[in-house]
Amino acid sequence: MINLYYWPTPNARKVSILFEELKLKYNLIKVDINKGEQFFEKFLKISPNNKIPAIEFEENGKKITLFESGVILLFFAEKYNKFYSNDKLKRFEIIQWLTWQMAGFGPMLGQAHHFNFYAKEKINYAQERYSSEANRLYGVLDNKLKDQEWITGEYSIADIAVYPWTMTPDRQGVELSHFDNVIRWKEQMKKRSAVAKGMSVGQEMRKNNQVLTDDEYSNLFGKNQYKKR
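Convert by adding 19 to the 1-based position in the sequence shown; the result is the number in our numbering.
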């Protein structure tokens, strides 16, 4: 059985979507990042970077731990030969767009979300810079989807990786109506039952009021996040 260390964030939802697509059985282990549980010693042994998601399981009698959502997607897509490709060039196209999400789309949208929504001090330069980059990246995605149904032609882990990051365009400074192909693609994603189920995993963990306490802010963006361990 797979242990999935989880909190309902875009990166963690990538993994829950894939697991639902693959119909895998897994134990959901809550890591409340608002309370600072990502810094617990037990979790740091599994995810040294103190980030979720992370997984642990046994294979051929050996205990395996993995962290970083992109690596987890690659591992299971390759293991089950699903949402991936046997063709070398197509496989690297999928990896290319997965890397695009991991290195650009996710981090930049995360920064835009932070400075537009969470930052205690509103910094116009930061808001404009990251919102502009978010819009540019949505444009890249929109162009890629112009002539095809899915990001790399067929449904893959690239689509799974990108989708959870498109849930809050308003907080990213993005007007989604400017990106018709992204809207169409998102509607297709919503229709997949495994995507809907994966997105709903752990939803009850979130508090209705998203205003952070001082301790929660410290755990996510402040002193406790950056304390040497």
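Just so you know, even glycine gets a beta-carbon here, dropped at the ideal spot from N, CA and C.
Nothing here was measured: the structure is a model prediction, and the numbers come from that model.
DSSP beta-bridge partners of residue i
i, result
"F240", "For F240, which the question treats as bridged, DSSP gives no partner whatsoever."
"N46", "N22"
"F95", "Looking at the DSSP assignment, F95 forms no beta bridge with any residue, so it has no partner."
"A73", "Y24 and F86"
"E301", "The displayed coordinates of the chain run from 20 to 248. Any statement about residue 301 would go beyond what the structure contains."
"E173", "T171"
Length of the line joining the Cα atoms of residue i and residue j
i, j, result
"E76", "K246", "It should be noted that the sequence gives Phe, not Glu, for residue 76. Taking the straight line joining both Cα atoms gives about 29 angstroms."
"L156", "V90", "22 angstroms"
"Q222", "E39", "15 angstroms"
"M218", "E97", "22 angstroms"
"I21", "I36", "14 angstroms"
"M208", "Q146", "29 angstroms"
"L195", "G158", "10 angstroms"
"Y236", "Y144", "22 angstroms"
"M121", "G80", "31 angstroms"
"S66", "K205", "31 angstroms"
"E56", "P27", "14 angstroms"
"D166", "S104", "20 angstroms"
"G192", "E78", "44 angstroms"
"E168", "R203", "9 angstroms"
"A138", "F111", "37 angstroms"
"K226", "W119", "31 angstroms"
"G241", "S151", "25 angstroms"
Residue i - containing alpha helix (DSSP H), residue span
i, result
"A177", "I176 to V181"
"L231", "Per DSSP, L231 belongs to no alpha helix (DSSP H) and is neither H nor E."
"Q57", "Looking at the DSSP string, Q57 is not in any alpha helix (DSSP H), and its letter there is neither H nor E."
"S35", "P29 to L41"
"Y157", "N143 to K163"
"M218", "S212 to S219"
"G123", "Per DSSP, G123 belongs to no alpha helix (DSSP H) and is neither H nor E."
Distance CB(residue i)-CB(residue j) smaller than 8 angstroms
i, j, result
"T171", "I113", "yes"
"Y149", "F134", "yes"
"F62", "Y25", "no"
"A153", "L117", "no"
"F94", "A73", "no"
"I179", "K33", "yes"
"T11", "V201", "Only positions 20 to 248 of the chain appear in this structure, which leaves residue 11 out of reach."
"Y99", "L164", "no"
"K49", "M224", "yes"
"R190", "H132", "yes"
"S88", "N30", "yes"
"F58", "R248", "yes"
Rounded Cβ spacing between residue i and residue j (contact assumed at less than 8 angstroms)
i, j, result
"Y174", "F102", "6 angstroms"
"I92", "I176", "First, the amino acid is wrong: residue 92 is Leu here, not Ile. L92 to I176, Cβ: 4 angstroms. Contact."
"N238", "N53", "6 angstroms"
"D161", "F198", "4 angstroms"
"Y182", "V214", "7 angstroms"
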